[in-house]
Every structure is written in C-alpha cells, then in structure tokens.
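Chains as they are written, first to last, in the numbering used here: chain V, 72 to 340; chain Y, 2 to 465.
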C-alpha cells in the first residue's frame, strides 16, 4: 500500500537501524544469565552506566548529520542523510530527513517517552511511544537521543570476548518491558576506555537480528563521546549492510522551537 | 487571464524544477563523494585501516585493532581508543553556527501510475483503464519572510478498454480519464510565516492534519473531504483559511478560520457571518496523546470531538469520537472510531490491525441506489469494520503480503483483498491488489459492479 514510500523507507530503515544498533544492542547466543550474583548484575550495570555517562551529553546541545550508505547484494547503493538536533538535558531530540528528496521533510521529534513522526505527504503527526518501531521501517529512534538502557533492561555479565584484538566485557541485557527496541541485547564493552565496540540485537527467541560495530568515536566535550562511524549488518537480510558516518557535528545552542511540532512542519515538503 | 496565470505558474514550476535538479545533483554528488571517502577507507581508525572495505564486517571482526593493539594506557587516560584524533581536526565541534540561513527552493512530487480492471461475477462485461495521477509541488522559503507553497494535482488517462455493457451506474461513478490531455487542478497554495518562532501562521488554501485515525476520521470536520486511507497519494483539495499554531511544549493549540464560505460564484459575503472556526488542543500524558476539537460558526452545525493515540502493552491504539447537536438544518449525530495494530512473531514480521467505526446517523441503504450514489463512501452505514493481516518477507525478502477485509456491518456487504508488494532488484516496486466484493447485490460494496465482482489493480508510484 505504501508503494510510494517503500523504497526510501527500506533505506531509511536500514540506515536508521544501523544507527539504532549503536544504541540498541546485543546478545551473542541467548545464553542464560549467570547464576550468581547480584554482584555480577551490579558489575554489569556499572559498565552500562559508565559508557552511558560518556555517550550522553547532559550539558549543552548537539547537532550532527548522519549519512547512511546501504549496501545490498545485487542492488545499487542507497544513500540517506538525516540531521539530528539533540538536547539530552531535556531528553529530547529532533530528526529531519535531508536526502533523498523523496524523503526530505519527513521527521521525528522525541520528548522523553513521546515520539512524533511527521509525514509531509499527508501533513500528519503520528504519535508513538519512543521504544516502538518508527512507522513501518523497523527503525528505533532511541539511538539518536539520550541513552538510558537500565530503565528498560536487566543487565548481567556474559563473560569476556575478543572483538578484533580488543578485550571486551560482554553485558547481556534482557528487557524488563514489552515495548523495547530489542528483547535481548549484548553489548561488547572495550576494556581500557569502557566504550562499546560491538552490539548484537536478538529477538525474544534468541534469533540474531543485527550486529553493529562502533568503528570510531569522537570526543565532543571532556569525557563525552559520540560515534562517528558505525557499521550495521543485518542478520536476516543476507548481504545487507549499512555504513553510517556522523559529521557536521556542532555543540552550538539549538533554538528551543527546534524541539516542537512546528519545526517539523516548517521543514515539510 | 487565468490561462496566462497558469502558464506563468507552470513556467515558475519548471524553473524551480531545473533549480531543484541542480541542487539535487549537488546533493547526490556530495553524498557520493562522502560515500567514496568512506569506501576509500580513511585511515583514521584501526577498523578502517584494517578493512579497506568498510562493509566487510568479517574483516572488522577479525582484524580491527590488529595493528593497533589494545588501547594504550595513555589512550585510556585520554579517552576512547578510536585512533581517530587526526580525523577530528577539521570537525565543526564547538562551532558557533549549526547551519547557514539561506533561501531554499524545493520542487517535487508524487506520481502514481496504475491500472484497474473490474469483472462481474458472470463475466458478462469488463472495464479496464490505466492512468497517471499525482501531485506536483513547489516551495520557496525566504529567511525572515516565511515560505510559499503551491501544489497541483494532475491526472492523465493512459489506457481505456471496455467489453459488453457495464451497468450505467458504474460508468457514471467511475468514468475513465481522458486520453487526449492531462487535467490539472490547484490543490494548495499558502503562505506561512511566524512571530519569533513562537506563533506560526499559515494563510491560504491548505490541508490540515486533524485526528489520529486511519480508515475513518470522525473528528476531521475541517478539511473539505476525508482522507482516503486506501489511496497511496493524498489528492485532496485544500481549504481556504487562516491557521494559527501555537506550540507550548507538550501542549499544542491550533486555531483555524475557515474562509470557504466567504464566496459563492460571484457573490461575496460578510466575514462576520460567513467565516467558520475550528480549534484543537492536543497534549501528551500517561503515554498517550489526547486531543480536543471544536468547529462552528454562524449558520454552521456546531461539532466537537475528542481523540487519543498511543501504545498499550506493545500495541498501537487510537480512537476518535465526534458529536454534534441538531442545528443548521442537520441532525444530531455521534461518530466514533477505534483502531489497534500490533506486530507479531519473534521477528515482528507479521502485523495485525483492526479499526471499527460507528455512525449514529448511518443506515442500511441496501436496495437504494440513489442513496448509495450520493452517500460518502464508508460513512453511509452505521457500523463498519476493517481488519488486515500483513507479513513482510513473505514469501521472500522482496515481497510483502497483506490480506484485508472491509465490511459495512449494517448492510452486511464487504470487500476482501489480497495485496502483494513486490520490490525485486532492478525493477520498479509494484503493488498488486485483487479484490472481491460480496454480501449480496445492491449494497455499499456491490451496487456498482454487482455481487461477486472482482477487481485487479496494478500500480507503482514515484516520489521525487
């Protein structure tokens, strides 16, 4: 039915999902939580809290542009570009599609748990819970804003693993709620700097859905980081990968009205 | 005069289109350049240096950091071991301006190319046609002045065929589009501006978003016509008026002065008595968005409505209720819709959706063709139900399959549809729909083509 939007939507899904991966995350096999210990859970929670403290920007604004290049076997590459405006202190962000032209003007505004999707073709605002899929794209928006995994997941240590040559602690997250991006995730947290380098997203049944690799980070304020390169691999669509770059990063103050329905409508086609 | 205006408008659109093509080309080039930089492997990180092809995940998994080793103590102290410091040199971090304010031009459109064929149960006749329909728009935004938006609907018949003798009602209800020349009609033309980014004004012929429902929208008593959920492209005409929008954090207020009654032919009326007004407040709390709407004015039936939308235990639910007392020659009514959609399966590749509609003013019009011919489709009965089950990646990743049923429960007629979205590589995406109407002759879904009629639709659309 959504013929007109399907191809771009698929791209956006891939693109955003790639981005999403960065936020979402993992589980290598659906292994059972370690019997043991509240201490293990505390350690896992401490690891999550530590990297969230580095990835969240509680003071000041952040705007950046994500370019997503999707590769799929037998098809030409697709490119999508989105501009993000982020204010973690208020737990809000706005996302506007800039490219391709057919998607331009589409956007999202999230304010805490409230997420609005704006569809320029019908002038509609669709209200959604932030942890739900975005439209029909299977894209989760929590990647772009403030990260707060422990409010949605129980964390347990799931051993250690080597990602490339890095030693990582593996934290398994099991959803506490129904309406989360992924029921199970595994985050591979690099020892030394405590930042995630790999995330695996699983279905409730333990099927691997997606793997994301954080290839590069950039320090945007003292002790605060944002990823600038990410690779997401779709485990269901063989040969489908999305490479995401993040640039035009600015910490300049963003006008308040950017976080409103009015801004989305102003950007409309 | 009107023709000259249209010609000028068309020229402006063409000029704007050429400009947009140039801009689009630059954007594409920029995107391509960016992609090539990425593909070239900026040696900023161990990952990139180890894997020339950034899409090679196995290379990343196996070799990332192989040359760099684990982060050094110094790196650990300084921050992440990304090795990307050199890449940060040209970054815009801390820049004072996020973007450059400039005049922006945008031209685009959505075009639907479709074919439609209908066959009655006895195959005694057939009708078939193909057409291109769509909307072309242009928008220019000038800093501190606002933006001007204009759109035109266009349609062009591409093919028409007929065999046997279709019912006269069918010919009248769905005449084929002419093949000789396209038809054009202005859909929207409005000027938007704001006061200090606090109050947003839109003046002119415009469409308004009014309510969350999908198939039935009882509280949309503002637009001239209800949105068609089953049409891939919104081809409604805008309504002349003045809209004022005030965002107040989680609360949004919208006021609309409806000028559609100010003129009738060559007559012009007093705005004090001919203007009608609509207002809407929406806010979020408790995990839902709630809205309250009202419409009225001199000589108009007063109407009110409430609506909500949100998520409940993993399902999206929404609803609207509109009510109106008797007035302005119209009877009192209550209309209400309620919908739910939910993803199913471990991989969430199935979705189930329902929407129901109640209309106190509706009735069973079975056997009354004149009443059915003049009624608004999907609003003439008292009770309706829509249900759909969709599956992605069925039978493969290039397909999406949907079965749906739409029924007028008052006259017990219905339409069953099987829909297939195809997007195989190297081909335009296609949407195929096969529908069967049933429930007895002379009812809402059967009075045009008869009980048991089958229709086949094939369509694709282009957005640019």
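No residue lacks a Cβ here, since even glycine has one placed at the ideal position from N, Cα and C.
- Task: Select from the region 236-247 of chain V all residues with a C-beta closer than 7 angstroms to any C-beta belonging to chain Y, and list them in chain order.
- Result: For the region 236-247 of chain V, the beta-carbon criterion of a distance under 7 angstroms to any beta-carbon of chain Y is satisfied by 236, 237 and 238.
- Counting only beta-carbon atoms, is residue 222 (chain V) nearer than 8 angstroms to chain Y? No, residue 222 (chain V) lies away from the interface with chain Y (no Cβ there is under 8 angstroms from its Cβ).
- Task: Classify residue 147 (chain V) as helix, strand or coil using the three-state DSSP reduction.
- Result: Three-state DSSP puts residue 147 (chain V) in a strand.
- Task: Enumerate in chain order the residues of its own chain whose CB-to-CB distance from residue 431 (chain Y) is below 7 angstroms, with the five nearest sequence positions on each side excluded.
- Result: Answer for residue 431 (chain Y): 423, 459 and 461, listed in chain order.
- Contact set between residue 315 (chain Y) and chain V, taken where Cβ atoms lie within less than 7 angstroms: Residues of chain V passing the Cβ test: 249 and 250.
- So which residues of chain Y does residue 259 (chain V) contact, with C-beta pairs closer than 9 angstroms? Chain Y residues near residue 259 (chain V): none, gap ~10 angstroms exceeds 9 angstroms.
- Members of the region 297-319 of chain V that neighbour chain Y once the beta carbon cut-off is set at 8 angstroms: The residues in question are 299, 300, 302, 304, 307, 308, 312, 314, 316, 318 and 319.
- Task: Return the first residue and the last residue of the beta strand (DSSP E) that residue 400 (chain Y) is part of.
- Result: Start and end: 400-409.
- Query: Between residue 183 (chain V) and the rest of its own chain, which residues show a CB-CB distance below 6 angstroms, the 5 nearest in sequence each way excluded?
  - Reply: The beta carbon of residue 183 (chain V) sits closer than 6 angstroms to those of 162, all from its chain and outside the five residues before and after it, given in chain order.
- Message: For chain Y, check one thing: does any of its Cβ atoms lie closer than 8 angstroms to the Cβ of residue 195 (chain V)?
- Response: With 8 angstroms as the cut-off, residue 195 (chain V) counts as an interface residue toward chain Y.
- Assigned exposure category for residue 249 (chain Y) - 16 Cβ within 10 Å defines buried: Exposed, because fewer than 16 other Cβ atoms sit within 10 Å of the Cβ of residue 249 (chain Y).
- For residue 428 (chain Y), count neighbouring C-beta atoms within 10 Å of its own C-beta (all shown protein chains included) and say buried if the count is 16 or more, exposed if not. Burial call: exposed.
- Query: With distances taken from CA atoms, which of Y:333, Y:392 and Y:142 is nearest residue 363 (chain Y)?
  - Reply: Considering only Y:333, Y:392 and Y:142, the residue with the shortest C-alpha distance to residue 363 (chain Y) is Y:333.
- Message: Here's the rule I'm using: 16 or more other beta-carbon atoms within 10 Å means buried, otherwise exposed. How should residue 218 (chain V) be labelled?
- Response: Buried, since its Cβ has 16 or more Cβ neighbours within 10 Å.
- Are the CB atoms of residue 465 (chain Y) and residue 172 (chain V) nearer to each other than 8 angstroms? Cβ atoms of residue 465 (chain Y) and residue 172 (chain V): closer than 8 angstroms.
- How many Å lie between residue 383 (chain Y) and residue 373 (chain Y) at the Cα? Our two residues, residue 383 (chain Y) and residue 373 (chain Y), have alpha carbons roughly 13 angstroms apart in a direct line.
- Proximal residues to residue 261 (chain V) (C-beta, below 8 angstroms), its chain only, five neighbours per side dropped: Closer than 8 angstroms at Cβ, skipping near neighbours: 234, 237, 238, 239, 267 and 268.
- Query: Excluding the five sequence neighbours on either side, which residues of its own chain have a C-beta within less than 7 angstroms of the C-beta of residue 183 (chain Y), listed in chain order?
  - Reply: These residues qualify, in order along the chain: 155, 156 and 157.
- Message: Can you look up residue 221 (chain Y) in the DSSP assignment and give me helix, strand or coil?
- Response: DSSP places residue 221 (chain Y) in the coil class of the three-state scheme, outside both helix and strand.
- Query: Shorter than 8 angstroms from the beta carbon of residue 177 (chain V) to some beta carbon of chain Y?
  - Reply: Output row for residue 177 (chain V): interface = no.
- Where the region 256-290 of chain V meets chain Y: residues whose CB sits under 9 angstroms from a CB there: Of all residues in the region 256-290 of chain V, those with a C-beta nearer than 9 angstroms to a C-beta of chain Y are 261, 262, 263, 264, 265, 266, 268, 269, 274, 275, 276, 277, 278, 280, 282, 284, 285, 286, 287, 288, 289 and 290, reading in chain order.
- Task: Return the Cβ separation of residue 295 (chain Y) and residue 329 (chain Y) in integer angstroms, given the expectation that the two are a contact with Cβ distance under 8 angstroms.
- Result: A Cβ-Cβ separation of about 15 angstroms leaves residue 295 (chain Y) out of contact with residue 329 (chain Y) under the 8 angstroms criterion.
- Query: Roughly how many whole angstroms lie between the Cα atoms of residue 454 (chain Y) and residue 395 (chain Y)?
  - Reply: C-alpha separation (whole angstroms): 27 angstroms.
- Item | Per DSSP, cross-strand counterpart(s) of residue 353 (chain Y) | Its beta-bridge partners are Y:343 and Y:390.
- Task: Pair every Cβ in the region 166-174 of chain Y with every Cβ in the region 124-143 of chain Y, then say whether three or more of these pairs are closer than 8 angstroms.
- Result: Contact holds: three or more Cβ-Cβ distances are below 8 angstroms.
- Query: Which term fits residue 147 (chain V), buried or exposed, when burial requires 16 or more other beta carbons within 10 angstroms of its beta carbon?
  - Reply: Residue 147 (chain V) is exposed by the Cβ-count criterion.
- Query: If you check the beta carbons only, do residue 321 (chain Y) and residue 311 (chain Y) fall under 8 angstroms apart?
  - Reply: Taking 8 angstroms as the cut-off, the beta carbon of residue 321 (chain Y) is found no closer than this to the beta carbon of residue 311 (chain Y).
- Task: State the Cα-Cα distance for the pair residue 187 (chain Y) and residue 237 (chain Y), rounded to the nearest angstrom.
- Result: Cα to Cα, the separation comes out at about 10 angstroms.
- Kindly say whether residue 217 (chain V), judged by its beta-carbon, lies nearer than 8 angstroms to any beta-carbon of chain Y. No, its Cβ sits nowhere closer than 8 angstroms to a Cβ of chain Y.
- Hey, how far is the Cα of residue 247 (chain V) from the Cα of residue 244 (chain Y)? Separation of residue 247 (chain V) and residue 244 (chain Y) (C-alpha to C-alpha, rounded to the nearest whole angstrom) is 44 angstroms.
- Message: Let me confirm a value: residue 309 (chain V) is counted as buried when at least 16 other C-beta atoms fall within 10 Å, else exposed. Which label applies?
- Response: With fewer than 16 Cβ atoms within 10 Å of its Cβ, residue 309 (chain V) is classed as exposed.
- Message: Quick check on residue 348 (chain Y) - is its C-beta less than 8 angstroms from some C-beta in chain V?
- Response: At a cut-off of 8 angstroms between beta-carbon atoms, residue 348 (chain Y) makes contact with chain V.
- Query: Among V:221, V:153 and V:232, which one has its Cα closest to the Cα of residue 255 (chain V)?
  - Reply: Ranked by how close their Cα comes to the Cα of residue 255 (chain V), the residues V:221, V:153 and V:232 have V:221 in first place.
- What are the partner residues of residue 128 (chain Y), as DSSP defines its beta bridges? Y:119 and Y:163.
- Flag residue 192 (chain V) as yes if its beta-carbon sits less than 8 angstroms from any beta-carbon of chain Y, otherwise no. Yes, its Cβ sits closer than 8 angstroms to a Cβ of chain Y.
- Message: For residue 273 (chain Y), which residues in the same chain have their Cβ closer than 8 angstroms to its Cβ, ignoring the five residues on either side in sequence?
- Response: Within the same chain, Cβ atoms closer than 8 angstroms to the Cβ of residue 273 (chain Y) are found at 299, the five residues on either side in sequence being excluded.
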